[in-house]
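What follows is a short report on a single structure.
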Amino acid sequence: MKNIFRLFGIAFLFYTSLSWSQIYPNKPVKIVIPYGPGGAPDILGRLFALKLQNSLGKPVIVENHSGAGGTIGTDFVAKSASDGYTILIATTANLSISPHLYPKLPYNALKDLIPIAQVANSPLILTVSKNIPANNVKELIAFGKANPGKLNYASAGSGTIQHVAGAMFANMVGIDAVHVPYKGTAQILPDLIAGRVNLMFNSIAPMLPQIKEGNLKAIGISSLNRSLINPEFSTLAEQGLTDFEAGPWYGFYAPTGVPKDIINRLNKEINQALSTADVKERFIQFGLEVASGTPEDFAQVTKRDYEKFGKIISDNNIKGE
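Residues in the sequence shown are numbered from 603 upward in steps of one, following our numbering.
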């Protein structure tokens with residue numbers, strides 16, 4: 603009798619170990635986008651929904667759960683069943699920045715969610731208005747130190763990646779620069795071009811036309827390596843700011859507790875999608891750079907930025923809006 607129970611137990615464990623990898627998915631998968639339609643998270647969510655639907659063989663539904671700077675959608679996924687059927691489009695903002703701006707978040711970014719795969723990076727470019735006599739990092743630092751308190755930098759709001767990157771730059775080079783928050787990026791450009799604000803970190807794509815037309819000057823980009831899309835711009839790192847790296851990333855997360863083989867299956871399908879020509883073409887259109895890797899790679903990126911940006915936010919007493 604003991605042998606029968608032992609054999610039954612072995613058979614049950616064998617079946618259980620196979621069930622997740624062989625049966626998943628057996629119903630629709632939901633991708634939750636914690637922001638409204640139209641932005642990079644929404645575009646990526648819908649792009650990968652189509653790819654995953656084809657590779658998984660089941661419908662993949664996209665839902666926008668926007669509000670509170672991404673908190674509502676992120677919390678929805680964190681509290682969802684740990685079965686792999688509800689996954690999140692995660693960003694630098696909702697996992698590595700917001701936890702420091704809003705200490706009473708209903709979720710713990712590093713404990714309640716687990717990484718599936720990073721898909722994209724979006725380097726920022728530091729631009730200055732034409733009336734600032736600087737064409738590179740060295741000249742900008744020299745001007746800032748010679749004119750303490752006269753430089754300012756714009757952002758689309760307090761606590762945004764633009765704000766954090768600007769504060770990080772000022773701290774690293776030792777200049778006194780005043781933060782000027784706006785209600786959105788579109789409102790900044792006229793003032794930056796006119797010289798009413800001096801400098802700004804922003805995604806490359808919307809700044810490129812103004813740089814090419816000579817309305818703004820490019821100082822450098824915020825990634826450690828040159829952009830594959832716009833390699834003509836040097837990095838701040840190669841201009842002497844060795845460790846300077848700041849910019850939004852995007853990827854997929856799931857509720858903690860999702861079986862490892864489901865995470866690995868999703869990671870495999872997402873990485874395969876990243877290698878396709880149409881995905882690469884869409885990324886180029888939106889100024890995004892492919893960032894593939896393992897769940898463990900993505901966990902390191904999230905934790906690194908969580909700690910780095912957390913220190914910047916604390917040191918500069920940055921508050922969320």
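Glycine is no exception: its CB is placed at the ideal position from the N, C-alpha and C atoms.
**Asked** Just how far apart, CA to CA, sit G647 and I633?
**Response** 7 angstroms
**Asked** Can you give the Cα-Cα distance for V917 and A692, rounded to whole angstroms?
**Response** The sequence as given places Asp at residue 917; Val does not occur at that position. D917 and A692: Cα-Cα distance of roughly 25 angstroms.
**Message:** My parser needs the alpha helix (DSSP H) runs of 4 or more residues fully inside the segment 632-659; what are they?
**Reply:** 642-658
**Request:** Have a look at L876, A722, G816, N666 and flag the residue whose alpha-carbon is nearest the alpha-carbon of P850.
**Result:** A722
**Assigned secondary structure, L868 (DSSP; H/G/I helix, E/B strand, else coil)** = helix
**Message:** Helix, strand or coil for Y687? Go by DSSP, reduced to three states.
**Reply:** coil
**Message:** Using only CA atoms, which one of I689, T694, A736, A670 lies nearest to K706?
**Reply:** A670
**Prompt:** So who's on the other strand from K819, going by DSSP bridges?
**Reply:** V730
**Prompt:** So, helix, strand or coil for A848, using DSSP?
**Reply:** coil
**Prompt:** Tell me which same chain residues have a C-beta within less than 7 angstroms of the C-beta of R884, skipping the five on either side of it?
**Reply:** L649
**Request:** Tell me, please, which residues DSSP counts as bridged to F854.
**Result:** I691, A719
**Under the three-state DSSP convention, the category S916 falls into** = helix
**Nearest to I645 (by Cα), restricted to the options V631, P630, V664, N804** = V664
**Prompt:** Less than 7 angstroms separating the beta-carbons of I734 and I806?
**Reply:** no
**Item:** 8 angstroms contact criterion, which T904 and S698 should meet: CB distance rounded
**Value:** 6 angstroms
**Item:** Inter-residue Cα distance where the pair is I795 and Y855
**Value:** 38 angstroms
**Prompt:** From P708 to S700, what distance separates their C-alpha atoms?
**Reply:** 11 angstroms
**Message:** With a threshold of 8 angstroms on Cβ separation, who are the neighbours of F926 within its own chain once the five nearest residues in sequence on each side are excluded?
**Reply:** In the structure displayed, the chain extends from 603 to 923; residue 926 sits before or after that span and is not available.
**Request:** Please report the residue range of the alpha helix (DSSP H) in which H702 lies.
**Result:** 700-703
**Prompt:** Just reading off the beta strand (DSSP E) that V739 is part of, what are its end residues?
**Reply:** Note, V739: premise wrong, no beta strand (DSSP E); alpha helix (DSSP H) at 739-748.
**Prompt:** Bridge partners of P783, per DSSP?
**Reply:** S757
**Prompt:** Which whole-angstrom value is the C-beta distance of A756 and I790, which I expect to be below 8 angstroms?
**Reply:** 5 angstroms
**Asked** Using 8 angstroms as the threshold, is the segment 882-898 in touch with the segment 650-659, meaning 3 or more CB pairs across them?
**Response** no
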